[in-house]
Amino acid sequence: MLERFQNIFRIPELRRRILFTLGVFVVFRFGIFVPIPGINADALAQSAIFETGAFGLMNIFGGGALSRMSIFAMGIMPYISTSI
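Going left to right, the sequence shown walks through residues 1 to 84 as the UniProt record's numbering numbers them.
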């Protein structure tokens, strides 16, 4: 199995695509923790709106980013919601 992973990284095109995907994932995960300027995080934490209902569901799918009001809070959820 280790040999298969080594073979994957020997192909330059595949290695570039995998590293790009991992890089985008890392940027997204860091962006989840950057809050939107002007949002009062303490008041938002006291609100129970993100624990139940539609906001709670969207918060779960967003990895908790919506309850933190991060710059990547919505992600692709608006696109998914409109396509359903």
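C-beta: ideal position from N, C-alpha, C; glycine also. For clarity, every value in this text was computed on a predicted model and none was experimentally measured.
Skipping 5 residues on each side, what residues in its chain have a beta carbon closer than 7 Å to that of G63?
Sequence index remark: in the sequence shown, residue 63 carries index 63 (1-based). If we look at G63 and ignore the five residues flanking it on each side, its Cβ neighbours are I32.
Going by DSSP, what residues sit across from S70 in a beta bridge?
Here residue 70 is taken as the residue at index 70 of the sequence shown, counted from 1. S70 has P35 as its beta-bridge partners, per DSSP.
So, at 7 Å on beta carbons, what are the nonlocal neighbours of M69 in its own chain, with the 5 sequence-adjacent residues on each side left out?
Your numbering for residue 69 matches position 69 in the sequence shown. Once the five neighbours on either side are set aside, the close Cβ partners of M69 are P35, I36, I39 and L44.
Just the C-alpha distance for F20 and F9, rounded to the nearest angstrom, thanks.
As a working mapping, residue 20 is identified with position 20 in the sequence shown. As a working mapping, residue 9 is identified with position 9 in the sequence shown. Each residue's alpha carbon lies about 13 Å from the other.
Look at the alpha carbon of Q6 and the alpha carbon of D42, and state the distance between them as a whole number of angstroms.
Along the sequence shown, read from residue 1 onward, the residue named residue 6 stands at position 6. Along the sequence shown, read from residue 1 onward, the residue named residue 42 stands at position 42. Between Q6 and D42, the C-alpha separation is close to 47 Å.
Separation of L22 from F28, as counted between CA atoms
For the purposes of this step, residue 28 is taken as the residue at position 28 of the sequence shown. For the purposes of this step, residue 22 is taken as the residue at position 22 of the sequence shown. A straight-line Cα-Cα distance of about 10 Å links F28 and L22.
Out of curiosity, what's the CA-to-CA distance linking residue 85 and R16?
For residue 85 there is no data in the structure shown, the boundaries of the chain being 1 and 84.
Measuring alpha carbon to alpha carbon, tell me which of I71, I84 and I80 ends up nearest F30.
In the sequence shown, counting from the first residue as 1, residue 30 sits at position 30. Distance from the Cα of F30 is smallest, within the candidate group I71, I84 and I80, for I71.
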